[in-house]
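Worksheet: the structure to be examined is printed underneath.
There are 2 protein chains.
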Amino acid sequence: MPRLRLALAQSNPLVGDLAGNAEQIVTAARAAAQQGADLLALGEMALTGYPIEDLASRPSFLIDAGAAVTALAARLEAEGLGALPVVVGHPDGPHEPRLLGTSNAPTAIAQNCASVLQHGRVVARYAKHHLPNYGVFDEYRIFIPGDELLVLRLGGVDVALIICEDLWRDGGPVGRVLESDAGVLLVINASPFERDKDEVRLPLVTRRARETSTVVAYVNIVGGQDDLVFDGDSVVVDERGAIVARAPQFVEHLLVVDVDAAEAADTELPPNVRRVELAGGGHGSTRTESGFAAAGTSEGSLGLRPIAVPAPDDREQLWNALVTGTRDYVRKNGFRSVILGLSGGIDSAVCAAIAADAVGAENVYGVSMPSRYSSDHSRSDADDLADRIGLNYSVEAIAELVQPVETQLALDGVAAENLQARIRAIILMGLSNMHGHLVLTTGNKTELSVGYSTIYGDSVGGFAPIKDVPKLLVWELARWRNEHAIARGKTPPIPENSIAKPPSAELRPGQVDQDTLPPYEVLDAILEAYVDRELGRDDVVALGFEAETVDFVTRLVDRSEWKRRQGAIGPKISGMAFGRDRRMPITYRPTR
Amino acid sequence: MPRLRLALAQSNPLVGDLAGNAEQIVTAARAAAQQGADLLALGEMALTGYPIEDLASRPSFLIDAGAAVTALAARLEAEGLGALPVVVGHPDGPHEPRLLGTSNAPTAIAQNCASVLQHGRVVARYAKHHLPNYGVFDEYRIFIPGDELLVLRLGGVDVALIICEDLWRDGGPVGRVLESDAGVLLVINASPFERDKDEVRLPLVTRRARETSTVVAYVNIVGGQDDLVFDGDSVVVDERGAIVARAPQFVEHLLVVDVDAAEAADTELPPNVRRVELAGGGHGSTRTESGFAAAGTSEGSLGLRPIAVPAPDDREQLWNALVTGTRDYVRKNGFRSVILGLSGGIDSAVCAAIAADAVGAENVYGVSMPSRYSSDHSRSDADDLADRIGLNYSVEAIAELVQPVETQLALDGVAAENLQARIRAIILMGLSNMHGHLVLTTGNKTELSVGYSTIYGDSVGGFAPIKDVPKLLVWELARWRNEHAIARGKTPPIPENSIAKPPSAELRPGQVDQDTLPPYEVLDAILEAYVDRELGRDDVVALGFEAETVDFVTRLVDRSEWKRRQGAIGPKISGMAFGRDRRMPITYRPTR
């Protein structure tokens with residue numbers, strides 16, 4: 005069997021940053037060439053970042069992206085890397101619009117492509133066939149589907165090339181891989197992280213390997229892009245579905261691995277398959293083991309032997325996703341520091357810990373903003389948190405700021421409660437405007453679901469680290485993060501009292517969340533059924549919850565859509581995050 | 005030629021309000037029956053409202069909608085209206101999911117249908133074939149396409165039935181209408197208003213009439229639903245494309261019209277066409293003219309003679325769209341009153357006038373919130389506006405509220421300017437919380453484009469009446485509204501001084517917009533090219549603008565996406581409104 009040395013690069017692109025993204029690709033190509041790779045593959049849209057959204061409808065953007073592909077091929081050649089075939093994802097266009105729309109609305113003029121660069125040229129190109137248009141994806145909106153499978157012949161092996169969603173659907177290009185007698189199936193991806201997604205993705209990869217009798221090489225981008233976090237987790241499995249090598253999650257990485265694949269034969273190709281012969285490449289079946297050692301292993305690489313990185317604990321994966329999403333939002337948008345209100349409660353404590361892990365405690369500014377209703381522990385728990393994390397800490401009492409407004413407008417009740425939250429927002433935004441900090445907002449998914457927050461109050465901020473984390477999971481992650489610190493001999497960042505005490509907005513004397521809301525065990529379970537699983541009211545009641553409670557909760561969810569629409573984005577970690585995943589009307593009368 | 009009496013009902017549905025929407029349909033059926041109609045048609049999704057967005061992925065919603073169809077058929081029969089065939093739009097499902105998605109993301113389980121109700125039953129059903137998935141539309145995301153054209157045989161005439169987008173695309177069902185020998189092409193629609201859309205829509209209808217040799221009956225819903233405004237403008241054109249009857253825009257209306265159509269023949273049907281014979285109906289070719297008079301014309305109806313309502317002046321259409329969108333957002337979300345800040349400037353003046361036209365001046369609360377930097381005219385122009393419109397007016401000075409925050413936090417520069425806007429926001433939100441008014445935010449499209457506003461300051465509110473109106477058009481509409489008043493002997497609502505004076509945010513002494521921004525004539529032209537027409541930076545420069553100005557403006561647009569994401573919704577009147585029309589990343593480095 006011929007042997008190919010494959011290099012899969014998990015790069016972390018920034019949407020639109022053609023120069024920066026190309027730099028990452030060149031760096032990967034240098035390392036791959038140094039390690040003697042026969043083929044380097046990067047993720048879907050690695051050159052432009054993903055998702056590009058309606059930039060795909062802007063002809064000038066497509067022209068710039070096309071020029072960047074050409075320039076990248078020339079640059080690789082100029083740097084002496086031209087012999088290495090590099091597979092890189094990018095949009096291609098502008099093409100003739102696919103549809104005649106009803107107006108000047110954007111219509112698809114682009115394809116989602118993978119180009120193969122070699123010797124300074126684009127030697128082959130594949131266009132994605134299946135365009136996901138559900139959940140967070142709008143690809144049918146912006147892309148024209150391709151209709152031809154590409155097979156690259158390299159070093160005696162046929163490598164079939166497809167993109168992301170193509171792997172998930174029966175039929176289309178994946179259906180032609182077996183008939184094409186390909187030895188390797190290369191899939192380039194921009195597959196966002198979701199809780200337990202590795203439990204779906206990996207079995208799919210192994211199933212496709214067996215179905216198509218190929219070695220499957222799956223490469224995914226990493227990093228945060230707005231509300232999405234890409235986890236990498238690139239993997240190579242053999243024809244029997246066994247893991248050959250797996251890259252770590254959430255970090256940039258070059259995975260280099262030797263695979264033995266079926267020798268290419270000159271069988272007749274099925275329709276809609278194109279074969280392109282690449283120059284050079286291939287170590288042949290006679291290559292000796294010592295050859296691997298000579299190629300060396302660069303730092304951070306998994307090397308060439310079959311090594312699998314075990315996926316970390318579920319809570320660790322979630323924590324890493326939140327940290328990655330937060331870090332990349334800060335960094336990619338040019339911020340250096342973040343600011344957030346510290347209430348002494350669990351949500352702000354967890355957000356502060358995420359922020360510190362993301363950008364370093366020295367770049368985190370925490371502000372305690374006690375009111376006349378604040379308990380002693382709200383102040384002392386915030387102090388304790390700041391100490392434990394080592395963040396920049398200040399106290400701004402709000403009573404003197406609230407009182408003049410309350411008096412002048414004669415506010416009371418809920419209006420007066422909201423006023424306190426809004427004065428706090430003014431403080432955070434004022435400090436942000438003075439010092440350039442990004443404001444983090446600390447609301448969790450449960451709060452967002454039922455609208456248990458003050459709009460333009462505690463909801464203000466550019467990024468919401470735990471917006472997709474239900475309250476019970478916030479506690480669970482807090483406990484995990486502390487245990488994780490203890491296991492490493494570090495100070496647990498989150499005060500035990502913030503975890504243990506009953507949650508309260510402290511907007512009136514003695515208030516606790518459970519005055520207004522059902523117990524979080526019940527609330528989160530109802531929300532999971534109604535929001536995440538899209539069950540109807542009756543179906544939720546049938547799960548065993550009180551009808552009255554279900555009606556109360558679902559009504560709050562339906563009525564809070566306007567607030568959610570005006571909320572900050574934050575990292576998606578569930579299968580149904582608020583935002584692009586769940587598109588609901590504001591103006592809506594529930595059917596019952 | 006046989007003659008059919010068609011009734012087209014422009015109803016104003018509310019998404020999810022199955023009972024209320026059904027009530028509108030029954031009312032229309034009663035009036036149509038009274039006028040001797042042979043067939044009544046309502047708009048696309050008239051039973052559930054449009055767009056239902058991801059409610060289409062919720063099985064319980066589809067089951068409820070299905071039950072409402074059945075109940076409506078039974079109710080019509082019970083009320084003695086069963087003989088009249090009623091064509092009504094609704095979602096149908098749940099069906100087996102169309103796609104195997106990558107996760108638990110919503111997949112299409114519904115069809116976008118038109119059901120024909122007669123004698124207490126659903127006698128025929130058509131599923132929309134072409135699913136728009138561009139601009140504001142996400143139908144490919146949520147619906148499974150149909151594949152069969154429906155022809156209803158009624159009173160000796162074959163009536164082909166299609167839905168909205170089906171009319172716009174060559175091929176598919178509209179391609180089979182000619183071969184089917186249908187005499188009438190009935191199209192039910194939920195087609196949102198856009199500036200100049202009537203100039204596209206009407207020529208399309210007339211072209212299709214000539215192409216298919218049919219009388220085309222086009223019925224559209226009316227009213228506001230979140231950011232969309234449906235304008236009705238239902239129309240009937242004959243086989244030669246001449247307008248037979250046209251309904252007024254933006255108002256509920258029953259258009260009843262007699263059409264002479266080709267007699268049905270028993271030609272063989274082309275593939276993918278189903279013909280269903282309806283009971284009764286048809287006035288036959290011998291029906292006398294006196295029969296029409298006997299049928300009567302109900303109030304508000306255009307009657308049975310070929311009457312065409314001329315579409316109003318462009319500015320009047322735009323004004324009506326803004327008023328309709330605002331009125332329906334207020335009404336459908338259960339508000340009775342609105343509140344807004346009155347700065348003495350043109351934007352808040354126009355918003356106040358729209359609000360008064362929408363919900364009555366007695367339900368509009370205007371608050372002047374002068375600061376130490378406010379000019380005398382800002383106060384006097386606000387007074388004048390309040391007088392002219394007759395709205396509820398109050399003054400809340402902000403200096404005493406700003407000062408304590410400014411001092412405590414040592415704010416200056418932009419931070420201090422924003423603080424003033426945020427204190428105003430706190431006042432409006434406080435009064436809203438106390439009195440239940442909906443807060444209107446008065447930003448225009450130009451401001452939104454370049455981020456010339458204070459987030460959590462002047463941007464706060466549940467609805468933004470002029471968010472899709474560029475600054476120059478704001479002035480134009482103000483002048484038109486005043487002229488419109490004068491022409492009717494009424495008081496012009498907008499103070500001449502608010503129109504004439506140079507615009508200013510008045511956040512520092514002597515500030516005017518043009519200190520920071522290019523002249524609005526230049527700015528709006530650049531924005532139209534960059535945002536609406538999606539031209540690239542170089543293409544905009546090629547139009548003749550200074551490169552430096554183009555770079556300055558486009559950079560502001562790109563950097564303001566995070567603010568726009570957190571902004572209120574408002575009525576779409578252009579082909580490219582911020583929101584669902586234009587989906588852009590926040591995290592984004594422009595290519596140049």
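Residue numbers (our numbering), protein chains in the order written: chain A, 5 to 596; chain B, 5 to 596. Using N, Cα and C, we set each Cβ at its ideal position, and we do this for glycine too.
Query	Result
Can you tell me whether L539(B) is helix, strand or coil according to DSSP?	coil
Considering only DSSP beta bridges, list what N224(B) is partnered with.	N193(B)
Between which residues of its own chain and E152(A) is the CB-CB distance below 6 Å, once the five residues before and five after are set aside?	N276, R278
Do V342(A) and V368(A) have their C-beta atoms closer together than 8 Å?	yes
Under 8 Å by Cβ, that's how I've got A403(B) and R376(B) pegged, so tell me the actual separation to the nearest angstrom.	5 Å
Should the stretch 568-588 of chain B be regarded as contacting the stretch 445-465 of chain B, the criterion being three or more beta carbon pairs within less than 8 Å?	yes
Output, in chain order, the set of chain A residues within a Cβ distance shorter than 7 Å of R145(B).	N137, Y138
Can you give me the start and stop residues for the beta strand (DSSP E) that D162(B) sits inside?	161-167
Can you tell me which of P136(B), S64(B), R211(B) puts its alpha carbon nearest to the alpha carbon of T243(B)?	Residue identity check: residue 243(B) is Glu in the sequence provided, not Thr. Comparing Cα positions, the closest option is R211(B).
Taking all protein chains shown into account, decide if T106(B) is buried (16 or more other Cβ within 10 angstroms of its Cβ) or exposed.	Caution is warranted here: a pLDDT of 47 is assigned to T106(B), below 50, making its placement in the model unreliable, and no coordinate value can be reported.
Can you give, in chain order, each stretch of the alpha helix (DSSP H) that sits fully within the stretch 506-539 of chain A and has at least 4 residues?	524-531
For chain B, is any of its Cβ atoms less than 8 Å away from the one on T595(A)?	yes
When the cut-off is 8 Å and only beta carbons count, does T111(A) lie next to chain B?	yes
Alpha carbons only, please: which of L208(B), G179(B), V354(B) is nearest the one belonging to P497(B)?	V354(B)
Looking only at DSSP bridge pairs, what is A82(A) linked to?	A82(A) pairs with nothing; no bridge assigned.
Report all residues from its chain with a CB closer than 7 Å to the CB of L171(A); omit the five preceding and five following residues, and keep chain order.	V178, V191, L208, R212
Taking the alpha-carbon positions, what's the V406(B) to Q407(A) distance?	12 Å
Residues of chain B with CB closer than 7 Å to the CB of W566(A), please, in chain order.	G466
Smallest Cα separation from V120(A): which of A35(A), L282(A), H99(A), S238(A)?	L282(A)
Just to confirm, is the Cβ distance from A362(A) to V334(A) under 8 Å?	yes
Strictly below 7 Å CB to CB, what residues from chain B border A419(A)?	G434, N437, M438
Please state whether the Cβ-Cβ distance between V478(A) and L432(A) is less than 8 Å.	no
For the putative contact between P101(A) and T111(A), defined by C-beta atoms under 8 Å, what is the C-beta separation to the nearest angstrom?	4 Å
When burial is assigned at 16 or more other CB atoms within 10 Å of the CB, is H257(A) buried or exposed?	buried
Whole angstroms are fine: how far does the CA of R319(A) sit from the CA of M373(A)?	31 Å
Return helix, strand or coil for F147(A), following the three-state DSSP convention.	strand
Mind the definition here: the stretch 546-561 of chain B touches the stretch 432-447 of chain B only if three or more C-beta pairs lie below 8 Å; say whether that holds.	no
Here's the rule I'm using: 16 or more other beta-carbon atoms within 10 Å means buried, otherwise exposed. How should Q39(B) be labelled?	buried
Taking the alpha-carbon positions, what's the K505(B) to P499(B) distance?	10 Å
So the beta strand (DSSP E) I247(A) belongs to, where does it begin and stop?	247-250
Tell me which residue opens and which closes the alpha helix (DSSP H) that H99(A) is part of.	Taken as a continuous stretch (DSSP letters only), H99(A) belongs to no alpha helix (DSSP H), as it is neither H nor E.
Using a cut-off of 8 Å between C-beta atoms, extract the partners of V19(B) located in chain A.	P589, T591, Y592, R593
Using the C-alpha atoms, what's the distance from G187(B) back to A194(B)?	23 Å
Once you ignore the five residues that flank H133(B) on each side, which residues in its own chain have a CB closer than 7 Å to its CB?	P149, G150, D151, D170, G176, P177
Runs of 3 residues minimum, wholly inside the stretch 363-387 of chain A: which ones carry the beta strand (DSSP E) assignment?	368-372
Among L51(B), V280(B), V219(B), which has the Cα closest to the Cα of P17(B)?	L51(B)
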